[in-house]
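Quick note on my numbering: the sequence shown kicks off at 857 and runs consecutively.
We put the CB at the ideal spot given by N, CA and C, even for glycine.
Since we're looking at a predicted model, the values are computed, not measured.
The structure appears right after this line, and notes come after that.
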Amino acid sequence: MQNIYTNTEYFKRHPAWHTEDSLWKAVHIHQMIERNHISISRIADIGCGAGGVLSELSRLMGPGIRYYGFDISPQAIELSRKHTNDNICFKMEDLLSPDNDEYFDILLIIDVVEHIPDHIDFLRKSRTKALYKIFHIPLDLSISSLLSDSFIEGRRNLGHINCFSFKSALACLSDTGHIIMDYFYTDVGTYYREQSPNIKNRIANLPRKISAFFNVALAAKIFGRYSLMVLTR
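Structure follows, in structure tokens:
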């Protein structure tokens, strides 16, 4: 599975490397930073992909901050070059390598953990690279996804070899030494259905929206299509 990011297989499936979702993700990251009043001068994004999240975040955060993107994929780093400027740089290297001693105020780990074969070792190492860490973790396990086996599609199409529920995601972070400071759900299902607005999609999303109006955690557990944004130290 790891090879699909360094050869051309993942790039062929997702030639834009999900840059169309960059602003949506950056807005939620900025929300987490703002509501916890975190002062920043250096931000890193591990598994930065095509660099869109850092580019959008730099517009939201304003001047005075340096941004660093790391990825092991040559195709992703090549796509990221267009976002390079005096404040943003990208490197094709493993930030968690023992030879890398860089340290940051915040480390972004956005839709990455689900792709890592040894995610426990990855989470332990990532804890030492920044004072704060912000994770975005898809909650692929729900009653709906288990009944329909739809989580398998995420494995085949997106490379999600690890599947999480709300509790298992937080447990993995806690068990690897992360101190959980804050979290909130992001409504992935509504976001993607709004990209293709039609009556069918609106009807399909209606039970989720009604359930979420009363209890988001219950909606995530039953219907799925949510992710978890988590701030740790």
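Legend entry - From ASN892, VAL883, ARG915, residue whose alpha carbon lies closest to that of LEU1087: ASN892
Inset, instruction - Assign THR1088 to one of three DSSP states: helix, strand, or coil. - result: DSSP places THR1088 in strand when its eight states are reduced to three.
Legend entry - C-beta contact flag for SER953 and TYR861 at 9 Å: Inclusion of SER953 and TYR861 in the CB contact set at 9 Å is not warranted, their separation being larger than that value.
Inset, instruction - Please name the residue or residues paired with PHE978 in a DSSP beta bridge. - result: Beta-bridge pairing links PHE978 to no other residue.
Legend entry - Sequence ranges, beta strand (DSSP E) only - wholly within the segment 953-1025, length at least 3: 960-966, 986-994
Inset, instruction - Within 10 angstroms of the Cβ of ILE966, are there 16 or more other Cβ atoms? Answer buried if so, exposed if not. - result: buried
Inset, instruction - Within its chain, find whatever has a CB closer than 8 Å to the CB of ASP950; leave out the 5 residues flanking it on each side and keep chain order. - result: Contacts found: PHE926, ILE928, ASN956.
Inset, instruction - Take every Cβ of the segment 1073-1088, pair it with every Cβ of the segment 1042-1060, and state whether three or more of those distances are shorter than 8 Å. - result: yes
Legend entry - Residue of ILE962, HIS884, SER911, LEU1002 minimising C-alpha distance to TYR988: ILE962
Legend entry - 4 or more residues per run - each alpha helix (DSSP H) lying fully within the segment 873-946: As summarised for the segment 873-946, the continuous alpha helix (DSSP H) elements at least 4 residues long and confined to that stretch are 878-891, 908-917, 930-936, given in chain order.
Inset, instruction - Mark PHE991 as exposed unless 16 or more other C-beta atoms lie within 10 angstroms of its C-beta, in which case mark it buried. - result: buried
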